[in-house]
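Quick notes on the structure that follows.
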Amino acid sequence: MSNKGQIPFVEVNGRQVADSNFIIDHLIEEFHKKNIDDRLTPMEKSYARAFHALVEDSLRWALMYQRGRDNKWFATEKGYLPYFSGIKKFAFKNIMCERLRKRIMSQVTAQGMGRNTPEEVVILAKKDLDAMSMFLGNKKFFFGDKPATLDCTMFGHLTQFLYTPLFTPEIKTYMEQNTPNLVAFVNRMKETYWPDWEEATNTRSLSTKWKH
Numbered sequence: 001m002s003n004k005g006q007i008p009f010v011e012v013n014g015r016q017v018a019d020s021n022f023i024i025d026h027l028i029e030e031f032h033k034k035n036i037d038d039r040l041t042p043m044e045k046s047y048a049r050a051f052h053a054l055v056e057d058s059l060r061w062a063l064m065y066q067r068g069r070d071n072k073w074f075a076t077e078k079g080y081l082p083y084f085s086g087i088k089k090f091a092f093k094n095i096m097c098e099r100l101r102k103r104i105m106s107q108v109t110a111q112g113m114g115r116n117t118p119e120e121v122v123i124l125a126k127k128d129l130d131a132m133s134m135f136l137g138n139k140k141f142f143f144g145d146k147p148a149t150l151d152c153t154m155f156g157h158l159t160q161f162l163y164t165p166l167f168t169p170e171i172k173t174y175m176e177q178n179t180p181n182l183v184a185f186v187n188r189m190k191e192t193y194w195p196d197w198e199e200a201t202n203t204r205s206l207s208t209k210w211k212h
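Residue numbers for the sequence shown follow full-length UniProt numbering, beginning at 1 and rising by one.
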């Protein structure tokens, strides 16, 4: 966790930066990189801002709801358990995992999503996915043939609904049956930038053959 109690966060030259929005801006400025959103029109930037807020302020909390209700898979061989050994492995499985779940659920409840029933969370998630699917349409990426920051945000969240265990698996089923263009989008991002996705996830390797 960052000093603000947030993830993700980065530390660059001794300075800690949390929140993906500030992280991206800081890295672009610090390393003098080109902003991939510079090509967007003012209208497209407005849409990007709106859909980014939809993901961060709504769909993300539907995802966090899953973790707050049931995160037992964290402490399995398919979860995070292989990253620990000895006493740390025992502590994570028997103590920390449940503490983490309670902390997440506390945050989700404070935000408001946690006050809903599982059925209501599914309804809200479906509406978010429908809006995203409608905006994506038949395009390769959300703003045409090249990805923008919004595509990265979408990918990071949608993959978790598709590839990790969920307390309400109906959301994944809904994506597959009713928003296939979002599923195709996720696969397109994987194939374009992480051609060794299956190998990396199966071996839990952080040394991926990332393409850029």
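Glycine included, each C-beta is placed from N, C-alpha and C at the ideal position.
Quick caveat, the model's predicted, so the values are computed rather than measured.
Is residue i near the ligand SAH, going by C-beta to nearest heavy atom under 7 Å?
i    : result
K126 : Looking at this structure, you won't find the ligand SAH or any other ligand, since it has none at all.
Quick check: what's the CA-CA separation for residue i versus residue j?
i           : j    : result
residue 213 : M154 : Residue 213 lies beyond the range of the chain shown here (1 to 212); nothing can be said about it.
T168        : N13  : 41 Å
E178        : L162 : Checking the sequence shown, residue 178 turns out to be Asn, not Glu. Those two C-alpha atoms are separated by around 13 Å.
L158        : L150 : 12 Å
R15         : K140 : 36 Å
E199        : K78  : 14 Å
E176        : T164 : 14 Å
S85         : I95  : 14 Å
R188        : G156 : 13 Å
F92         : N202 : 21 Å
Y47         : E56  : 14 Å
A184        : Q160 : 15 Å
W197        : V186 : 12 Å
residue 221 : E11  : In the structure displayed, the chain extends from 1 to 212; residue 221 sits before or after that span and is not available.
P195        : A50  : 30 Å
S106        : K190 : 33 Å
P180        : T76  : 30 Å
A18         : E29  : 15 Å
F9          : I87  : 27 Å
Excluding the 5 residues preceding and the 5 following residue i in the sequence, name in chain order all residues of the same chain whose CB lies nearer than 6 Å to its CB.
i   : result
Y80 : F74
E44 : F143
Taking the alpha helix (DSSP H) that residue i falls in, what are its first and last residues?
i           : result
V121        : 118–136
residue 213 : Look at the range of the chain in this structure, 1 to 212, and you will see that residue 213 is not part of it.
E77         : First-last for E77: undefined, no H or E at that position.
R15         : Per DSSP, R15 belongs to no alpha helix (DSSP H); it is in the beta strand (DSSP E), 15–18.
S85         : No alpha helix (DSSP H) contains S85, which DSSP labels as neither H nor E.
N35         : Careful: N35 lies outside any alpha helix (DSSP H) and carries neither H nor E.
P180        : 180–193
M105        : 97–111
N94         : N94 -> no alpha helix (DSSP H), and no H or E assigned at all.
T203        : 197–203
Following the continuous beta strand (DSSP E) through residue i, name the residue where it begins and the one where it ends.
i   : result
V55 : No beta strand (DSSP E) contains V55, which DSSP labels as neither H nor E.
F9  : 9–12
How about residue i and residue j: are their beta carbons less than 8 Å apart?
i    : j    : result
R67  : R101 : yes
L27  : K34  : no
A131 : L54  : yes
What residues in its chain sit with their C-beta under 8 Å from that of residue i, if we drop five residues either side in the sequence?
i    : result
I104 : M64, R67, G68, N71
L124 : S58, A62, M113, N116
Below 7 Å CB to CB, which residues in the same chain sit around residue i once its five sequence neighbours on both sides are set aside?
i    : result
Y174 : K126, L129
K89  : L81
Q52  : One detail in the question is off: residue 52 reads as His in this sequence, not Gln. Contacts found: L150, T153.
V108 : W61, M64, Y65, G68, G114
L182 : L129, M132, S133, L136, L158, M175
L166 : Q66, K172
Cβ pair count under 8 Å reaching 3, the stretch 124–142 against the stretch 7–26: no
Is the number of C-beta pairs between the stretch 34–51 and the stretch 142–156 that are closer than 8 Å three or more? The answer is yes - the stretch 142–156 touches the stretch 34–51, with three or more Cβ pairs under 8 Å.
Say whether the stretch 168–181 touches the stretch 112–124, bearing in mind that this needs 3 or more beta-carbon pairs closer than 8 Å, one atom from each stretch. yes
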